[in-house]
Amino acid sequence: MLKDTKNIPQNIQSGLIVSLVALPLGFGLALASGVPPMAGIIATVAGAILFSLLGSSRLIIAGPGNGLVVLSLYAVGVLGQGNPALGYSLLLGAILMSGIFILLMGLFRFGVLAELFPAAAIRGMLAAIGLIILSRQLHVLLGVDPQSSSAFSLLAELGKSIGLIQNGSAPLAAWALGLVSLALLFILPKIRFWPFQKIPGPMWVLALGISYSYLSPHFAQWPQLPDSHLISLPPEILDAFTFPSFKAMGTGSFWTISLSLAFIAAVESLLSIKAIDKLDPEQRRSNANKDLRALGIATIGSSLIGGLNVVAVIARSSVNLNNGASSSWSNLFHGLFLVLFLALFSIQLEHIPLAVLAAILVHTGYKLTAPSQFRAMAELGRDELLLFIFTYLATLASNLIIGILGGMLLTLVYQLLSLKKRGYYLRSLFRPNVLLFEEQEHKYHLSVKTMSNFLNFIRLKKQMDTVEPQAELILDFSLAEYVDHSVLEHVQQYRHRFEAAGGSLETIGLDDLGQLSSHPLATRRPLKKGSSKRGKLTRRQKMLRLYAAEHNFRFQYSEVEDDGRFKGFEYFQDKYLHLLRNRIECRNQNWLWADIHYEDTDFYGNALRHASMVYLPLPTETAPFVLDQERLLDRVAHLAGFKDINFERHPDFSKRFKLKGEDEKSIRKFFEGPLIPFLESHKQYHIECNGRALLIFAKERHTTVSETKQMVNFAEQLTEVLKP
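Read in order, the letters of the sequence shown correspond to residues 39 to 762 in the numbering used here.
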């Protein structure tokens, strides 16, 4: 995607800043993975060049990722059986095979894979990865080589490492530099001084570490850093190239590791691509399958010369975006700058203390597993927090694959247990449950039925993708009885995309479902009998309440039974009217707007329906009538003898509207004067008169907020027109 040559100077600047972040991270991630430090830089350069040439995403930075550190370290130990050099070359063989698997995922359009994972499970897995990285690198930061492997054991071993510091066994310079670097990484972003805002924190601590390494030999009283606690690079760049070995291809562990690397790399990349697409100010959308193919090829290229897996990384991509990048040129330049650094400053890079790199990784791991992550999940409700914690603990106790798959399974089981008709909902997961149709030009209605969760969101996504973002899309959950957090999070992303393109996406039908928290993206499910929804209004309800307050109307969202006003119309004679909700009333004019729930009996049985309607009392009684939009079949029926009241002096009105009623004389008298010109100049509604009041609605569905405003405005103006 290097065809876009606009703003190249700005992309060069962004590429330079990203390279300053990628350099220490590349070294650190490689060391944390148990491989030579150059393996991380090779993956960074291969990702920068190949992904920028072959990928579709303009803002993504490709290179080694946090998610594969744990598995890579495990693979070196298992495949090498105690021989790190052998384990490294065998790991490269597994990485090459994982690159082939990722390439095949792209060719077979596995880009939708990211949509299948529940948000709570993904966040739980990422938090667990953060703790695993943090628990190991804390020891390196303290200048100690840890003996344990699991996160829990490593945390338990911290007391031993601190004891080594106290008795002087750990180098003072190493742990002092590590602790100071870690403190700076937390403090520097909060200082409002422009160099600290422009230059990333990792570069400041890197400069500190290199400076101390250079200066300490000249001051005998300064604690010295042993060579074993500094980065070790080969004399020549070409000496860093290591070729993959396939001697372990006959073992099951080789193929398990290869598939696991491919799976985690694909998931991490797809999530990063989605997140950056969401932040793109131009709202451009990446081709996930094309990006998978590019990452697969980049991973193959990286492994052939000794590099780690290449993935799309969220942190460096965010730095790239925040520094004004607009195209994939920034990704390419960040790789070229790294090559330049290695060519010109390789001697200086060997003065980087390992403790400083460990501090950068501890800071990264903490951000992934910080208490704020748990608080954010708690705000979504106890169910999302439970699923998050389960995935978190399952990942720590086993591995990443079991953790995420276990989180998916528990999420599905938990969702089904919260419903009464479990078998029915389970079957509905595998049946079509979305229907899209165009109500009018550039206005679409998308209805979702029964259950909408992370497993069947792909159907909903395909339909939303067919609507151009400049259009108006109404997403109707009135027929859905369960909508999970993952779906609502995706819908919010689509809403931002539509708004940025000049269109709109409004959701309706969520008002009838309960939620465990007041968070707008909390899972929606059927309300328990007698439960209260106070303080848990939907986005639509909040906007309706605000609209009512601005116009001095009364708004009530609680359920009530009809007091006879709506039931008195012929439209409801063969229907069972359940309840009214979200009422807007004007006491001065006595009209009422409300969401109405009712059952309609047809040939196939009872069908639950939802509509937003206006009840408008008349100042004087008149003959009953029905006014509706005239369609082609109505005109044919008129020719066949069915009565349609027309007005010779208003041919346009007679052509557009179908007017029926028994007392034609009284009806004609009612429509005389300003009423017909008023109706001709406004949106067409279904209007029914029972003699004492009017029933007004547009379609048999809830209205959006903008449609509600139009309908209320229509009712207010009609009230003035009908005054005696």
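The beta carbon of each residue, even a glycine, is placed where N, CA and C say it ideally should be.
Nonlocal neighbours in the same chain, by C-beta distance under 8 Å from residue i, ignoring five residues either side
i, result
"Ala208", "Leu180, Gly181, Val182, Ser199 and Leu202"
"Leu54", "Phe371, His372 and Phe375"
"Val525", "Ser490, Asn491, Phe492, Phe495 and Leu498"
"Arg583", "Leu575, Phe593 and Tyr595"
Residue range of the alpha helix (DSSP H) that includes residue i
i, result
"Phe379", "Trp367 to Leu387"
"Asp503", "Phe495 to Asp503"
"Gly125", "Pro122 to Leu145"
"Lys707", "Glu702 to Phe709"
"Pro409", "Pro409 to Glu417"
"Asn491", "Unbroken run through Asn491: none, as it is neither H nor E."
"Gly64", "Ile46 to Ala70"
"Arg420", "Arg420 to Ala435"
"Met749", "Val743 to Val759"
"Ala113", "Val107 to Gly118"
Backbone secondary structure at residue i - three-state DSSP
i, result
"Lys459", "coil"
"Trp629", "strand"
"Arg535", "helix"
"Tyr595", "coil"
"Phe468", "coil"
"Met581", "helix"
"Glu510", "strand"
"Thr545", "strand"
"Phe301", "helix"
"Phe680", "Any reading at Phe680 must be qualified, since the residue scores a pLDDT of 48, below 50, and its modelled position is unreliable; the value itself is stated next. Coil, per DSSP."
"Val486", "strand"
"Pro184", "coil"
"Phe279", "coil"
"Ser341", "helix"
"Phe716", "helix"
"Phe515", "strand"
"Gly78", "helix"
"Leu193", "helix"
Per DSSP, the bridge partner or partners of residue i
i, result
"Arg830", "No answer is possible for residue 830: the residues shown for the chain start at 39 and end at 762."
"Glu726", "Val664 and Leu733"
"Ile634", "Leu618 and Ala649"
"Gly101", "Val349"
"Phe695", "Gln667"
"Glu623", "Arg592 and Leu630"
"Leu654", "Leu732"
"Lys481", "Gln478 and Glu510"
Neighbourhood of residue i by C-beta, 6 Å cutoff - its chain only, sequence neighbours within 5 removed
i, result
"Ala632", "Leu618 and Arg621"
"Gly118", "Leu124 and Gly125"
"Leu342", "none"
Same chain, Cβ closer than 7 Å to residue i, five either side skipped, listed in chain order
i, result
"Thr56", "Residue identity check: residue 56 is Val in the sequence provided, not Thr. Counting only Cβ-Cβ distances below 7 Å, and skipping sequence neighbours, we find Ile99, Arg354, Val357, Asn358, Ser368 and His372."
"Pro238", "Ile55, Leu58, Val59 and Val357"
"Pro227", "Gly239"
"Glu417", "Ser555 and His557"
"Tyr532", "Met502 and Leu543"
"Leu88", "Ala332, Ile335, Ala336 and Gly339"
"Leu193", "Ser173"
"Ala363", "Asn49, Ser52 and Leu97"
"Thr742", "Ile512, Glu544 and Ile546"
Residue i burial status per 10 Å Cβ neighbour count (16 or more: buried)
i, result
"Thr576", "buried"
"Ile229", "exposed"
"Gln235", "exposed"
"Ala221", "exposed"
"Asp522", "buried"
"Lys721", "exposed"
"Gly197", "exposed"
"His648", "buried"
"Met287", "exposed"
"Val759", "exposed"
"Gly103", "buried"
"Leu447", "exposed"
"Gly444", "buried"
"Lys696", "buried"
"Ala538", "exposed"
"Glu608", "exposed"
"Arg578", "buried"
Residue range of the beta strand (DSSP E) that includes residue i
i, result
"Tyr609", "Segment: none, Tyr609 is in no beta strand (DSSP E) and carries neither H nor E."
"His177", "It is not in any beta strand (DSSP E) - His177 instead sits in the alpha helix (DSSP H) that spans Ala157 to Leu179."
"Val472", "Val472 to Gln478"
Near the ligand GDP: residue i beta-carbon under 7 Å from a heavy atom
i, result
"Arg578", "By its list of ligands, the structure shown contains no ligand whatsoever, and the ligand GDP lies outside what it can speak to."
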